[in-house]
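Chains Z and F, in that order, give the protein sequences. Position 37 of the first sequence, counted from 1, bears residue number 89 in this note's numbering, the numbering being contiguous throughout. Position 129 of the second sequence, counted from 1, bears residue number 494 in this note's numbering, the numbering being contiguous throughout. Every residue gets a Cβ at the ideal spot worked out from N, C-alpha and C, and that includes glycine. The structure presented is a predicted model; accordingly, all values stated were derived computationally and were not measured.
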Amino acid sequence: MSAQERRPENDGRDFADAMWSVPSSLLAGMAIYGGLGWLLDRWLGMSAFFPIGVVLGVVLGGYLVYRKFGR
Amino acid sequence: MNALTVLLAPAGDQFGAPTPEELFNLPPIIPGVYWFTKPVLLAMLSAVLVIGVTWAAFAKPKLVPRGVQNAVELGYMFVRDQVARPFLGKDADRWMGLLVSVFFLVLVWNLMGVVPVLQFPVASHIAFPAVLALVIYGLKVYLGIKHQGGVGYFKNMMFPPGLPKPIYFLLAPIEFLSNMIIAPFTHAVRLFANMFAGHMLLAFFSMVGFWFLFEKLTPLGAPVGVVGVVMTILLTGLEIFIQYLQAFLFAMLAAMYIGGSLHPEH
Chain Z
53 MSAQERRPEN
63 DGRDFADAMW
73 SVPSSLLAGM
83 AIYGGLGWLL
93 DRWLGMSAFF
103 PIGVVLGVVL
113 GGYLVYRKFG
123 R
Chain F
366 MNALTVLLAP
376 AGDQFGAPTP
386 EELFNLPPII
396 PGVYWFTKPV
406 LLAMLSAVLV
416 IGVTWAAFAK
426 PKLVPRGVQN
436 AVELGYMFVR
446 DQVARPFLGK
456 DADRWMGLLV
466 SVFFLVLVWN
476 LMGVVPVLQF
486 PVASHIAFPA
496 VLALVIYGLK
506 VYLGIKHQGG
516 VGYFKNMMFP
526 PGLPKPIYFL
536 LAPIEFLSNM
546 IIAPFTHAVR
556 LFANMFAGHM
566 LLAFFSMVGF
576 WFLFEKLTPL
586 GAPVGVVGVV
596 MTILLTGLEI
606 FIQYLQAFLF
616 AMLAAMYIGG
626 SLHPEH
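What follows is the structure in structure tokens.
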């Protein structure tokens, strides 16, 4: 984060950005990787990849939020 | 006759909770003109009201505001200090026209839900917030491409700096989905769902009060009716707060999307 973005008037923006993108990222992660897992399950005739995908998606979404706003 | 038979009257005589069908699927006001329903009328009324009030307030602005100008300026200051400046910084003044219009329009739409006789929150029909959200979404993408370039916009959105290289492959689709599809969707649905649920709640409790105190007044039903009336009054207060809060959030998210397009994230 550069010095220019450390100005106090940007603090509110950063905080709100983080607040709004947390649920959105988690949801998107679940949808993308859950969806991929579901397709894989359909293709292979299994039922293991959908839950794995959902969990992986949440983890990746959480990781993304952590790296973007965590420090 | 015991208490239970008084409560469980024969079918048709029973209390029925209002269904979404009868609350929201309203008949046309003028028979034959099928598109002209109550929400459409209220949306037009809201637009006229917002234009009229802001016109009255700002057509001949005085340095020391009085009357209408004083009241509307309070709203303007609120939008500027709480919505525009935190997200747009020095660009705030250029976008005030849009943000004030959006905030006032959504606020009046929502308040229509508790104005006696009118009593219908316009945004509880999803088409209305959806159109507003789509306009903001179009503006967001247009501004992003204009200020960051076609490739740069999507690169800034999907590849936030500071992540290990291989992980981008996994994270870029998440960023894309959350920014381009989930964001505008939740923008509209948040407003719609709050207004829809609020209207259902108010209708239910006022129906309880009306039914047990006027339609079928019984010794056992009367206290239930009183509870219905009290709940209606309390929830109307809560609704007014939520209606104001959702108007604020709608304008705030609009400012956030515009700000994010003007200046790429970190």
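Are the CB atoms of residue 105(Z) and residue 118(Z) nearer to each other than 9 Å? Residue mapping note: residue 105(Z) aligns to position 53 of the first sequence, counting from 1. Residue mapping note: residue 118(Z) aligns to position 66 of the first sequence, counting from 1. No; because the gap between Cβ atoms is not below 9 Å, this pair is not in contact.
Between which two residues does the alpha helix (DSSP H) containing residue 494(F) stretch? For the purposes of this step, residue 494(F) is taken as the residue at position 129 of the second sequence. First-last of the alpha helix (DSSP H) with residue 494(F): 492-513.
Cβ of residue 100(Z) less than 9 Å from any chain F Cβ? Start at 1 with the first residue of the first sequence, and residue 100(Z) comes out as number 48. No, no contact with chain F.
Return the CA-CA distance between residue 463(F) and residue 388(F), expressed in angstroms with no decimal places. Taking the second sequence and counting its residues from 1, one reaches residue 463(F) at position 98. Taking the second sequence and counting its residues from 1, one reaches residue 388(F) at position 23. Rounded to the nearest angstrom, the two C-alpha atoms are 32 Å apart.
Using alpha carbons as the reference points, say which of 565(F), 382(F), 421(F), 413(F) lies closest to residue 479(F). As a first step, residue 479(F) must be located in the second sequence, where it is residue number 114. Ranking 565(F), 382(F), 421(F), 413(F) by Cα distance to residue 479(F) puts 565(F) first.
Hey, out of 440(F), 470(F), 453(F), 430(F), whose CA is closest to residue 412(F)'s CA? Position 47 of the second sequence, counted from the first residue, corresponds to residue 412(F). Looking at the Cα atoms, 470(F) is the closest of the given residues.
According to DSSP, is residue 459(F) part of a helix, a strand, or is it coil? Taking the second sequence and counting its residues from 1, one reaches residue 459(F) at position 94. Looking at residue 459(F) - three-state DSSP - the assignment turns out to be helix.
Flag residue 543(F) as yes if its beta-carbon sits less than 9 Å from any beta-carbon of chain Z, otherwise no. Start at 1 with the first residue of the second sequence, and residue 543(F) comes out as number 178. Closer than 9 Å: yes.
Kindly indicate which residue of 440(F), 487(F), 624(F) has the alpha-carbon position closest to the one of residue 466(F). Numbered from its first residue, the second sequence carries residue 466(F) at position 101. The residue with the shortest Cα to Cα distance from residue 466(F) is 440(F).
Residue 473(F) to residue 436(F) span [Cα, whole Å]: Here residue 473(F) corresponds to residue number 108 of the second sequence, with the count starting at 1. Here residue 436(F) corresponds to residue number 71 of the second sequence, with the count starting at 1. For residue 473(F) and residue 436(F), the distance between alpha carbons rounds to 15 Å.
Helix, strand or coil: which one does DSSP assign to residue 57(Z)? In the first sequence, the residue the question calls residue 57(Z) occupies position 5. Only weak support is given to the placement of residue 57(Z): the predicted model assigns it a pLDDT of 48, under 50, and the value that follows is read from those uncertain coordinates. Three-state result, residue 57(Z): helix.
Pull up the distance between the alpha-carbon of residue 550(F) and that of residue 498(F), whole angstroms please. Working through the second sequence from its first residue, we reach residue 550(F) at position 185. Working through the second sequence from its first residue, we reach residue 498(F) at position 133. The alpha-carbon atoms of residue 550(F) and residue 498(F) are separated by roughly 8 Å.
Label residue 582(F) either buried or exposed according to how many other C-beta atoms from any shown protein chain fall within 10 Å of its C-beta, with 16 as the threshold for buried. Residue numbering aside, residue 582(F) sits at position 217 when the second sequence is read from its first letter. Exposed is the call here.
I need the straight-line Cα distance from residue 422(F) to residue 443(F), nearest angstrom please. As a working note, residue 422(F) is residue 57 in the second sequence. As a working note, residue 443(F) is residue 78 in the second sequence. One C-alpha to the other measures close to 16 Å.
Check whether residue 448(F) and residue 616(F) have beta carbons under 9 Å apart: To locate residue 448(F), count along the second sequence from 1; it is residue 83. To locate residue 616(F), count along the second sequence from 1; it is residue 251. The answer is yes: Cβ separation under 9 Å.
Between residue 451(F) and chain Z, is any beta-carbon pair separated by less than 9 Å? Walking along the second sequence from the start, residue 451(F) turns up at place 86. At least one chain Z Cβ lies under 9 Å of residue 451(F).
Three CB pairs or more closer than 8 Å across the stretch 595-604 of chain F and the stretch 556-575 of chain F: yes
Let me check understanding here. Comparing Cα to Cα, which of 522(F), 603(F), 431(F), 483(F) lies closest to residue 545(F)? On the second sequence, position 180 is the one that residue 545(F) refers to. Per the Cα distances, 522(F).
In angstroms with no decimal places, state the Cα-to-Cα distance between residue 374(F) and residue 380(F). Within the second sequence, the letter at position 9 stands for residue 374(F). Within the second sequence, the letter at position 15 stands for residue 380(F). Here residue 374(F) scores only 49 on pLDDT, less than 50, and its place in the model should not be relied on; the value that follows carries that caveat. When rounded, the distance between both Cα atoms is 9 Å.
Between the stretch 499-509 of chain F and the stretch 86-93 of chain Z, do at least 3 Cβ pairs fall closer than 8 Å? no
Note down the Cα distance separating residue 494(F) from residue 427(F), rounded to an integer number of angstroms. Numbered from 1 along the second sequence, position 129 holds the residue referred to as residue 494(F). Numbered from 1 along the second sequence, position 62 holds the residue referred to as residue 427(F). In a straight line, the C-alpha of residue 494(F) is about 34 Å away from that of residue 427(F).
The alpha helix (DSSP H) that contains residue 628(F), what's its start and end? The residue labelled residue 628(F) in the question sits at position 263 within the second sequence. Per DSSP, residue 628(F) belongs to no alpha helix (DSSP H) and is neither H nor E.
Given that residue 525(F) touches chain Z, what residues does it touch there, using C-beta distances under 7 Å? Along the second sequence, one-based indexing puts residue 525(F) at 160. Per Cβ cutoff of 7 Å: 120.
Is any beta-carbon of chain F found at less than 9 Å from that of residue 105(Z)? Position 53 of the first sequence, counted from the first residue, corresponds to residue 105(Z). No, no contact with chain F.
Listing by chain order, which chain Z residues have their CB less than 8 Å from the CB of residue 623(F)? Looking up residue 623(F) in the second sequence gives position 258. Under the 8 Å cutoff, chain Z gives no residues; its nearest Cβ is about 12 Å from residue 623(F).
Using a beta-carbon distance below 9 Å, is residue 548(F) in contact with chain Z? In the second sequence, the residue the question calls residue 548(F) occupies position 183. By this cut-off, residue 548(F) is an interface position.
Taking the straight line between their C-alpha atoms, what separation do you get for residue 418(F) and residue 110(Z)? Here residue 418(F) is taken as the residue at index 53 of the second sequence, counted from 1. Here residue 110(Z) is taken as the residue at index 58 of the first sequence, counted from 1. Residue 418(F) and residue 110(Z): Cα-Cα distance of roughly 47 Å.
What are the start and end residues of the alpha helix (DSSP H) that includes residue 567(F)? Counting from 1 along the second sequence, the entry for residue 567(F) is found at position 202. Per DSSP, residue 567(F) belongs to the alpha helix (DSSP H) from 548-575.
Could one say the Cβ of residue 556(F) lies closer than 9 Å to chain Z's Cβ atoms, at least one of them? Residue 556(F) sits at position 191 when you count from the first residue of the second sequence. False, the Cβ-Cβ gap to chain Z never drops below 9 Å.
Looking only at its own chain, which residues have a Cβ that is under 6 Å from the Cβ of residue 553(F), when we skip the five neighbours before and after it? Here residue 553(F) refers to the residue found at position 188 when the second sequence is read from its first residue. Closer than 6 Å at the Cβ level, and outside the excluded window around residue 553(F), lie 494, 495, 498.
How close, in whole Å, do the beta carbons of residue 560(F) and residue 488(F) come, if the pair is a contact with beta carbons under 8 Å? One-based indexing of the second sequence puts residue 560(F) at position 195. One-based indexing of the second sequence puts residue 488(F) at position 123. Confirmed, about 4 Å.
Helix, strand or coil at residue 368(F) according to DSSP, with G and I counted as helix: Counted from its first residue, the second sequence places residue 368(F) at position 3. Since pLDDT at residue 368(F) reaches only 47, below the 50 mark, its modelled position is unreliable, and the value read off the structure follows with that caveat. DSSP places residue 368(F) in helix when its eight states are reduced to three.
Using only the alpha-carbon positions, how far apart do residue 453(F) and residue 588(F) sit? The residue given as residue 453(F) occupies position 88 in the second sequence. The residue given as residue 588(F) occupies position 223 in the second sequence. Spanning the two alpha carbons is a distance of roughly 53 Å.
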